[in-house]
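If you read the sequence shown in our numbering, its first letter stands for residue 10, the second for the next number, and so on. Step one of this worksheet: look at the structure below.
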Amino acid sequence: MGALMGHVGHGSLFLVLGMWHIFHDIKLHAQTPNYIALPWVPTSKSRYFELFFIMACTCTSMTTELLIYSPIDPDGTIRSTHLHNIEHASVSLTFLVYAFFAIILDKFAPNKFQYGLTLLLGATGFFQELVLFHFHSADHMGLEGQYHHLLQLSIFVSFATTLMGIAYPKSFCIGFVRSLSVFFQGAWFISIGFMLWIPNFIPKGCFMNWEEGNQIVRCHTDEALERAKSLANIEFCWYLILVTVVSVCLYVFLNKIYGERVKYHTLSKYGGQEDGVDEDFEVQKKSKCNKSKSLDQMEKLFVLMDVTE
Numbered sequence: 010m011g012a013l014m015g016h017v018g019h020g021s022l023f024l025v026l027g028m029w030h031i032f033h034d035i036k037l038h039a040q041t042p043n044y045i046a047l048p049w050v051p052t053s054k055s056r057y058f059e060l061f062f063i064m065a066c067t068c069t070s071m072t073t074e075l076l077i078y079s080p081i082d083p084d085g086t087i088r089s090t091h092l093h094n095i096e097h098a099s100v101s102l103t104f105l106v107y108a109f110f111a112i113i114l115d116k117f118a119p120n121k122f123q124y125g126l127t128l129l130l131g132a133t134g135f136f137q138e139l140v141l142f143h144f145h146s147a148d149h150m151g152l153e154g155q156y157h158h159l160l161q162l163s164i165f166v167s168f169a170t171t172l173m174g175i176a177y178p179k180s181f182c183i184g185f186v187r188s189l190s191v192f193f194q195g196a197w198f199i200s201i202g203f204m205l206w207i208p209n210f211i212p213k214g215c216f217m218n219w220e221e222g223n224q225i226v227r228c229h230t231d232e233a234l235e236r237a238k239s240l241a242n243i244e245f246c247w248y249l250i251l252v253t254v255v256s257v258c259l260y261v262f263l264n265k266i267y268g269e270r271v272k273y274h275t276l277s278k279y280g281g282q283e284d285g286v287d288e289d290f291e292v293q294k295k296s297k298c299n300k301s302k303s304l305d306q307m308e309k310l311f312v313l314m315d316v317t318e
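Here it is, written out as structure tokens:
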């Protein structure tokens, strides 16, 4: 991940997943009063499309970090200049584990603990990401360090809201902020790639220097470095304002579309629109007195997403 394409590639993954969840969070919130923030979103064509997508991307990332960059010496030890490749691969491995076990839990353990365990796996991925970026082996003391310190703020929000989602599954704000933080992570990853590895975007008074097999931005003077860090802070604030404005506008727009469309509908009405789901809805309607109401409501949302996609 230590170059332009690595940051843009990983950022694009977070960007797509964040936008995917933002859209479906708003859509579900508008369509049903029994909203639950889904840990992953099923589709009508492939229930596990999102999870397969995560698994494919994380496997590609691990292959790149471990095989293309070759961080292992012939004697089996890790090269000191390639420790960051192992760290990046470890983050990808954690999210691969999350996606794999999310499928296993959905297929073989559909009980009242499924929702919380899936979110716990996701929180583990964000915590792993936060720890490895905070104690990164790469040189993050200069301008690059400032960008990665700011990145950790969005990662922490993703981690905290994922944990909070276990206790408050019906909170739209918690689920929505989690999706926004993932989207913001992607946007900031891409920004890091452009601002640190495209010469035209490097701040005045700074330059790109080749050190230990990596290109690192250095500044001629302390004053130039402080100016560059301040510009990074301003950029972060502008990104935050832009993402906030766009997300609120998107909420108003999508809520108007999907809210009006299902204003006088109930969940049971969707049962007759597709063969094979009537029985599932009848079972779910009888579960109002069941002790595990949160799981039943989540199942309703999964079926609703499959029908309405």
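Glycine included, every Cβ here is placed at the ideal spot set by N, Cα and C. Remember, predicted model here, so these are calculated numbers, not experimental data.
- Task: Would you check if the distance between the CB atom of M204 and the CB atom of Y156 is smaller than 8 angstroms?
- Result: M204 places its beta carbon less than 8 angstroms from that of Y156.
- Take Y107 as the anchor and find which of E232, G125, L130 and A233 has the nearest alpha-carbon. Looking only at E232, G125, L130 and A233, the smallest Cα-Cα distance to Y107 is reached by L130.
- Query: Comparing alpha-carbon positions, which option in W197, K265 and G18 lies nearest E244?
  - Reply: Cα-wise, what sits closest to E244 is W197.
- Buried or exposed for C246, please, with buried defined as at least 16 other CB atoms from any protein chain shown within 10 angstroms of its CB. Around the CB of C246, fewer than 16 other CB atoms lie within 10 Å, so the residue is classed as exposed.
- Which runs of the alpha helix (DSSP H) spanning at least 4 residues fall entirely within the stretch 32-74, listed in chain order? You should have 58-72.
- What do you get for I266, buried or exposed, if any count of 16 or more other CB atoms within 10 angstroms of its CB means buried? Its Cβ having fewer than 16 others within 10 Å, I266 is exposed.
- Message: Please report the straight-line C-alpha distance between T41 and L263, rounded to a whole angstrom.
- Response: Distance between the alpha carbons of T41 and L263: 14 angstroms.
- Using 10 angstroms around the beta-carbon of A98, count the other beta-carbons present and answer buried if the total reaches 16, otherwise exposed. Counting the other CB atoms within 10 Å of its CB gives A98 a total of 16 or more, which places it among the buried residues.
- Item | Three-way DSSP call (helix, strand, coil) for G15 in this model | Looking at G15 - three-state DSSP - the assignment turns out to be helix.
- Whose CA, out of F142, S180, V261 and P178, lies closest to the CA of L159? Comparing C-alpha distances from L159 to each of F142, S180, V261 and P178 shows the shortest one belongs to F142.
- Task: Following the continuous beta strand (DSSP E) through I225, name the residue where it begins and the one where it ends.
- Result: Per DSSP, the continuous beta strand (DSSP E) segment holding I225 begins and ends at N223 to C228.
- Message: With a threshold of 8 angstroms, are at least 3 pairs of Cβ atoms found where one atom belongs to the stretch 101-119 and the other to the stretch 55-68?
- Response: A contact exists between the stretch 101-119 and the stretch 55-68.
- Distance, Cα to Cα, P80 vs S101? About 16 angstroms.
- Message: Let me check understanding here. Comparing Cα to Cα, which of G184, G151, V261 and S200 lies closest to M217?
- Response: Check the Cα spacing between M217 and each of G184, G151, V261 and S200: the tightest is with G151.
- Task: Identify whether I243 lies in helix, strand or coil by the three-state DSSP scheme.
- Result: In the structure shown, I243 sits in a helix (DSSP, three-state: H, G or I).
- Task: Report the three-state DSSP secondary structure of F144 (helix, strand or coil).
- Result: Note: F144 maps to coil in three-state DSSP.
- To the nearest whole angstrom, what separates the beta carbons of I175 and G125, a pair I think is in contact under 8 angstroms? Taking C-beta atoms under 8 angstroms as the contact rule, I175 and G125 qualify, at a distance of about 5 angstroms.
- Message: Only counting the same chain, and skipping five residues up and downstream in sequence, which positions put a Cβ closer than 7 angstroms to that of L234?
- Response: Excluding its 5 nearest sequence neighbours in each direction, L234 has C-beta neighbours in its own chain below 7 angstroms: G151, L152 and C228, listed in chain order.
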